[in-house]
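Chemist:
There are 2 protein chains.
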Amino acid sequence: MTENSDSIKFPERWVKTVSLTPPSLKDNTADADRLSGALKRELRTDFVQIDLRVIRMLPAFLRKSNYKVRCVIFRDRERYILTGVLDSQTDNPAAGLAVDLGTSRVVIRLLDLAGGLTLGESAFDNPQGTIGPDILVRIHFAGSSEGLKKLNKLIIEDLNREVRNLCEKCGIRPENIYLVTVAGNTAMTHLFLKIDPHWIIREPYIPATNRPGLVKAEEIGIAVNPLARVMIFPNIGSYFGGDLIAGILFSGINKKQETSILVDVGTNAEVVLGNENWLIACAGAAGPALEGGVTRMGMMAGPGVIDKVSIDPDTKEFSIHTIENKTPVGICGSGLIDLSAQMFLAGMIDIRGKFVPSNCQGRLKEKDGIFHLMVVPAQKSATGKDLTISQVDLDSLIRSKAAMFTILETILGTVGISFPELSAFYVAGTFGSFIDPRSAISIGMLPDLPLESYKPLGNSSLGGAALVLTCPSCLDDIDKIRDRITYMELNVNQDFMNRFSAAKFIPHTDTARFPSVKPS
Amino acid sequence: MTENSDSIKFPERWVKTVSLTPPSLKDNTADADRLSGALKRELRTDFVQIDLRVIRMLPAFLRKSNYKVRCVIFRDRERYILTGVLDSQTDNPAAGLAVDLGTSRVVIRLLDLAGGLTLGESAFDNPQGTIGPDILVRIHFAGSSEGLKKLNKLIIEDLNREVRNLCEKCGIRPENIYLVTVAGNTAMTHLFLKIDPHWIIREPYIPATNRPGLVKAEEIGIAVNPLARVMIFPNIGSYFGGDLIAGILFSGINKKQETSILVDVGTNAEVVLGNENWLIACAGAAGPALEGGVTRMGMMAGPGVIDKVSIDPDTKEFSIHTIENKTPVGICGSGLIDLSAQMFLAGMIDIRGKFVPSNCQGRLKEKDGIFHLMVVPAQKSATGKDLTISQVDLDSLIRSKAAMFTILETILGTVGISFPELSAFYVAGTFGSFIDPRSAISIGMLPDLPLESYKPLGNSSLGGAALVLTCPSCLDDIDKIRDRITYMELNVNQDFMNRFSAAKFIPHTDTARFPSVKPS
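In the order they appear, the protein sequences are chains L and D.
Just so we're aligned: 1490 in the numbering used here is position 124 of the first sequence, and the numbers increase by one with no gaps anywhere.
Just so we're aligned: 1663 in the numbering used here is position 297 of the second sequence, and the numbers increase by one with no gaps anywhere.
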């Protein structure tokens, strides 16, 4: 709990320009104390920490800049820290860096701390993927003598390279980055800090730390200003990481009077329900069908990947949209949802998700006793082969969507509220940006709420990390989120299984719960 | 001002043994949070900072030591910091190092933080003396491009070597040192932290910092445990350093209801007067006569140095005592005071400090028109030459003692109290340990108070530094001393000069002020 958190007055930005009264025989306060005194008045605080390295440069710097300087500050719980001093005359920006430390993809955003504007953004594959795409593999690898060191080196080096490139594009120097925020899941965060995540995956699943807090950039080898502070988002436990805390922060559900829900869909479905008074979270395996890699044509979103499908209910003709309008190479989660929703509405699959051959217009082929439906013929695909979806793929999707819906039902049931009581339904992640809620409702993955309730958040983890750089009071919100959230272990009991079975139909056994879904 | 300082509950020692409840599925708090939680309860505080490096070793360490560990903590203003974790089973001591960072001599003391006992002590010449014995020379030298670096390297390297040797003698490893306290004057402190002291000696005399606070040992290259915190005593200004704050702390005058005085005599006489409610300090040039190096036979205390002299009033025979009873090589400040007091009492010098040839029993020789008195003849001295004291030496001593007395009179006059109102008169420094107050009174350097008022403190700077290692609440006292003290610039006006002139006699123009001094 942050003590006195209610009394904290946060500044508007992390950059403050201060003018000092020059020293005299009547006021011979030391340079560092003079500066911290001015900042204390400006920030209405009792103490501002100044690093030795800043103290060393202050005497010459203050005199050169006529005692008027721009200061980059940050807050470490109850104390302010001065992380950089800039001449008020130059237009070197004081920049901040937000990092979404994903297991497979890392996204970084550079911001101007004073103005709050984004300067640039870029992304790269997490190089630890070469050790193992799966986080479990990496955790095991970290147990070997040199493993942790190697995993850490991979991510730090690639991040430094990417930061250098992005800075160059934006015309600033990495030394001008004075603050860094990092949101990642618990295991990724551990590897980033070179902490062995060994116990995260072993009962009783204990992280080394829930609140890594602030570290100096140089302490962990981040090649920005050596005194820049790196703020690592806290986690709730081994399976609820800082990326989700960042997502909650970005969604703002923790500040609203009305109850709303945040869903981050991937291999795991992570769900947070709540309002300004309480937050409850859970995570469950939604099945990998939604993330690509499972259906033979499934993949992550990228150029040529089918992201939207519509089927004429009468002619059963397919209209296919690919990312960047490239020749089709495969399908991503949102495309798959569109496809199955459209097939259901066109009568090509039944309520169990099984192909209805009579309605499939010769697109079905049988292979080893399993039906495959041709989505894109070989001559029109970039792979030179038919892009197909099989009954196995559909079965997998049905399980995933049923799991998703059951998780939603369960968490709402726990607090005794119904779907229509939700004021908003936030969908995070790339998936959330591409998904057509209409289609997700049609297959019964998401509840049948008015379409305007659904709000895509995009990369909410990056969004939350960036928010802290431009909104100082958000630091306080993070603590509040962390302290207020209740993490609910999903108890896969008979109740859950009953709900799951009922949800394994399109849209649901109880069609009355999906009045807007009307198959032809 | 330390906020909430009144509500701070300090622990008894900087070492705490804590037992943690091992983690379980019902309590999956992370390792670092589990430890900080236990410490928070133990210390009744809201937050305990744990460094990344400790977090990294915690998971394995906690499990190995069955969740029972000894923790070394320290306090940085309102927050506790964990600076080391030790197995509760081993008997590796958690040690602390106190450093008296003198301009000419550095003294270090090793302590057991848990028990508070001194493990060992040693001293070495400040190697910066090779650049210049005088602090001014060093400050100028620090202004050159490589000068500061060199001065810093000299002191850090020699300190590390001495610490290594002392640790070896005491049977511990430098890694077992988890706390370091350093008390030095403002310029020495700057050089120790590699901060250019340039502006300290230039009007308006501005240090880079008054409160360097805590730094990690590794940050400044101190070869102890890398996470050990180094606490640098704050200063009041360019001419009132952390060594004096440490001295005040050690004397305890800041905690007494009655007013007392602390005097540290060297080239400068530093004086602090006060009680639990107020403190006033001033420093003035007392002349170098008391420190050695000025009279041709004068020197710092050391083997063979004359530290005590008595003269038979009738036979005028000299009894000479030397340090370690070695053959005489010279005389130190306290010996000089004894000598002149005894000569005055024996009538060999008059009230102006001039030789009275008729009473000098053939010990006087004239050289270039200046009288020299033979103290030790050539055949009995270690130098093979007569050890003598000249009229010039005596004149210089008279000026020094008069300055000292005048400074004392002035500071007491400022607050309107008289000498007899002082409950105690602390004399710090090597000088204070060797001086015979009886002799100092006889020549009128110190006021004619009951001899039991005079209390030698020894190395009060080292004493204060060591105190912080064994008395956590002393940290708070330092802040209070620093915040409460008023530094008075010695205004050498007509009043001062009048007092000075009156004090240039032995013991004083107004002999009624020295009723106990009765020359033969």
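C-beta: ideal position from N, C-alpha, C; glycine also.
Quantities reported herein were computed from a predicted structural model and do not represent experimental measurements.
1) Kindly confirm or deny that the segment 1498 to 1509 of chain D and the segment 1821 to 1831 of chain D touch, where touching means at least three C-beta pairs closer than 8 Å.
2) Scan the segment 1560 to 1585 of chain L for residues whose Cβ lies nearer than 8 Å to a Cβ of chain D and list them as they occur along the chain.
3) Buried or exposed for Arg1410 of chain L, going by 16 or more other Cβ atoms inside 10 Å?
4) Give the range of the beta strand (DSSP E) segment to which Asp1442 of chain L is assigned.
5) Considering only their Cβ atoms, is the gap separating Phe1558 of chain D from Gly1699 of chain D smaller than 7 Å?
6) Run through chain D and tell me which residues come within less than 7 Å of Ala1398 of chain L, C-beta to C-beta.
7) In the segment 1418 to 1436 of chain D, which residues sit with their C-beta less than 8 Å from some C-beta in chain L, listed in chain order?
8) Who are the neighbours of Gly1696 of chain D on chain L, taking C-beta pairs under 8 Å?
9) Based on the DSSP output, what are the partners of Ser1700 of chain L in its beta bridges?
10) Looking at the unbroken alpha helix (DSSP H) that takes in Phe1599 of chain D, where does it start and where does it end?
11) For Phe1864 of chain L, does the count of other Cβ atoms within 10 angstroms reach 16, so buried, or fall short, so exposed?
12) What does Asn1725 of chain D touch in chain L if you count any residue whose Cβ is under 7 Å from its own?
13) Since Glu1444 of chain D meets chain L, which of its residues come closer than 9 Å, beta carbon to beta carbon?
14) Is the shortest distance between the beta-carbon of Pro1389 of chain D and the beta-carbons of chain L less than 7 Å?
15) Listing by chain order, which chain L residues have their CB less than 7 Å from the CB of Gly1603 of chain D?
16) Take Val1384 of chain L and list the residues in its own chain whose beta-carbon comes closer than 7 Å to its own, dropping the five residues that flank it on each side.
17) Whole beta strand (DSSP E) runs in the segment 1473 to 1513 of chain D with 3 or more residues, listed along the chain?
18) Count the other CB atoms within 10 Å of the CB of Gly1876 of chain D; is the residue buried (16 or more) or exposed (fewer)?
19) Pairs of beta-carbons, one from the segment 1639 to 1653 of chain D and one from the segment 1767 to 1787 of chain D, closer than 8 Å: are there three or more?
20) Between the C-alpha atoms of Ile1755 of chain L and Pro1816 of chain L, what's the straight-line distance to the nearest angstrom?
21) Under three-state DSSP, which class holds Lys1733 of chain L?
22) Please work out which residues of its chain come closer than 7 Å, Cβ to Cβ, to Gln1623 of chain D, disregarding the five sequence neighbours upstream and downstream, and give them in chain order.
23) Using only CA atoms, which one of D:Leu1639, D:Ser1747, D:Asp1678 and D:Met1423 lies nearest to Pro1669 of chain D?
24) Measuring straight from C-alpha to C-alpha, what distance separates Phe1599 of chain D and Val1883 of chain D?
25) Decide if the segment 1410 to 1422 of chain D is in contact with the segment 1806 to 1813 of chain D; the criterion is three or more beta carbon pairs, one per stretch, under 8 Å apart.
26) In the structure shown, what three-state DSSP assignment does Asp1876 of chain D receive?
27) How about Leu1760 of chain L and Ala1794 of chain L: are their beta carbons less than 7 Å apart?
28) If we ignore side chains and look at the alpha-carbon of each, how far apart do Leu1628 of chain L and Met1714 of chain L end up?
29) Which residues in the same chain as Ala1707 of chain D place their Cβ atom closer than 7 Å to its Cβ, once the five residues preceding and following it in sequence are excluded?
30) Spell out a yes or no on whether the segment 1579 to 1593 of chain D and the segment 1483 to 1497 of chain D are touching, meaning 3 or more CB-CB pairs, one atom from each, closer than 8 Å.
31) Throw me the rounded Cβ distance for the Pro1388 of chain D and Ala1574 of chain L pair, which I believe falls under 8 Å.
32) On the criterion of 16 or more Cβ atoms from any shown chain inside 10 Å, does Trp1644 of chain D qualify as buried, or is it exposed?
33) On the DSSP letters alone, give me the boundaries of the beta strand (DSSP E) that Glu1636 of chain D sits inside.
34) Please state whether DSSP places Gln1455 of chain D in a helix, a strand or coil.
Modeler: The answer reads as follows:
1) no
2) Lys1560, Ile1561, Asp1562, His1564, Trp1565, Glu1569, Pro1570, Tyr1571, Ile1572, Pro1573, Ala1574, Thr1575, Asn1576, Arg1577, Pro1578, Gly1579, Val1581 and Glu1585
3) Along the first sequence, read from residue 1 onward, the residue named residue 1410 of chain L stands at position 44. Under this definition Arg1410 of chain L is an exposed residue.
4) Taking the first residue of the first sequence as 1, we reach residue 1442 of chain L at position 76. Per DSSP, Asp1442 of chain L belongs to the beta strand (DSSP E) from Lys1434 to Asp1442.
5) Along the second sequence, one-based indexing puts residue 1699 of chain D at 333. Along the second sequence, one-based indexing puts residue 1558 of chain D at 192. Going by C-beta atoms, Gly1699 of chain D is not nearer than 7 Å to Phe1558 of chain D.
6) Residue mapping note: residue 1398 of chain L aligns to position 32 of the first sequence, counting from 1. Chain D residues near Ala1398 of chain L: Ala1574 and Thr1575.
7) Leu1418, Ile1421, Arg1422, Leu1424, Pro1425 and Ala1426
8) Sequence index remark: in the second sequence, residue 1696 of chain D carries index 330 (1-based). Chain L residues near Gly1696 of chain D: none, gap ~39 Å exceeds 8 Å.
9) On the first sequence, position 334 is the one that residue 1700 of chain L refers to. Bridge partners of Ser1700 of chain L: none, in fact.
10) Translated into positions along the second sequence, residue 1599 of chain D becomes position 233. That residue, Phe1599 of chain D, is in no alpha helix (DSSP H); it is neither H nor E in DSSP.
11) Locating residue 1864 of chain L in the first sequence gives position 498, where the first residue counts as 1. Strictly speaking, residue 1864 of chain L in this sequence is Asn, with Phe absent from that position. Looking at its Cβ environment, which holds fewer than 16 other Cβ atoms inside 10 Å, Asn1864 of chain L is exposed.
12) Locating residue 1725 of chain D in the second sequence gives position 359, counting from the first residue. Going along chain L, no residue has its Cβ under 7 Å from Asn1725 of chain D, so there is no contact; the nearest lies around 50 Å.
13) As a first step, residue 1444 of chain D is located in the second sequence; it is residue number 78 there, counting from the start. The answer, in chain order, is Asp1412, Phe1413, Glu1444 and Arg1445.
14) Looking up residue 1389 of chain D in the second sequence gives position 23. Output row for Pro1389 of chain D: interface = yes.
15) Locating residue 1603 of chain D in the second sequence gives position 237, counting from the first residue. Neighbours of Gly1603 of chain D on chain L, chain order: Asn1394.
16) The count along the first sequence starts at 1 and reaches residue 1384 of chain L at position 18. For Val1384 of chain L, where only same-chain residues beyond five positions count, the Cβ hits under 7 Å are Ala1404, Leu1405, Glu1408, Val1435 and Cys1437.
17) 1484 to 1491
18) Here residue 1876 of chain D refers to the residue found at position 510 of the second sequence. Position check: residue 1876 of chain D holds Asp in this sequence, whereas Gly was assumed. Exposed, because fewer than 16 other Cβ atoms sit within 10 Å of the Cβ of Asp1876 of chain D.
19) yes
20) Walking along the first sequence from the start, residue 1755 of chain L turns up at place 389. Walking along the first sequence from the start, residue 1816 of chain L turns up at place 450. Rounded to the nearest angstrom, the two C-alpha atoms are 30 Å apart.
21) The residue you call residue 1733 of chain L lines up with position 367 of the first sequence. Of the three classes helix, strand and coil, the one that applies to Lys1733 of chain L here is strand, per DSSP.
22) By one-based count along the second sequence, residue 1623 of chain D stands at place 257. Counting only Cβ-Cβ distances below 7 Å, and skipping sequence neighbours, we find Asn1641 and Glu1642.
23) For the purposes of this step, residue 1669 of chain D is taken as the residue at position 303 of the second sequence. The residue with the shortest Cα to Cα distance from Pro1669 of chain D is D:Ser1747.
24) Within the second sequence, residue 1599 of chain D is the residue found at index 233, counting from 1. Within the second sequence, residue 1883 of chain D is the residue found at index 517, counting from 1. Their Cα atoms are separated by approximately 40 Å.
25) no
26) Against the second sequence, residue 1876 of chain D aligns to sequence position 510. Coil, per DSSP.
27) Taking the first residue of the first sequence as position 1, residue 1760 of chain L is located at position 394. Taking the first residue of the first sequence as position 1, residue 1794 of chain L is located at position 428. It is not a contact, given that the beta carbons lie outside the stated cut-off.
28) Within the first sequence, residue 1628 of chain L is the residue found at index 262, counting from 1. Within the first sequence, residue 1714 of chain L is the residue found at index 348, counting from 1. Each residue's Cα considered, the two are about 32 Å apart.
29) If you number the second sequence from 1, residue 1707 of chain D lands on position 341. Excluding residues within five positions, the ones whose Cβ falls inside 7 Å are Ser1805, Ser1808 and Ile1809.
30) no
31) As a first step, residue 1388 of chain D must be located in the second sequence, where it is residue number 22. As a first step, residue 1574 of chain L must be located in the first sequence, where it is residue number 208. Not a contact, Cβ separation roughly 15 Å.
32) In the second sequence, the residue the question calls residue 1644 of chain D occupies position 278. It counts as exposed.
33) Sequence index remark: in the second sequence, residue 1636 of chain D carries index 270 (1-based). Asn1634 to Gly1640 is the span of the beta strand (DSSP E), which, as asked, contains Glu1636 of chain D.
34) Indexing the second sequence from 1 puts residue 1455 of chain D at position 89. The answer is coil: DSSP assigns Gln1455 of chain D none of H, G, I, E or B.
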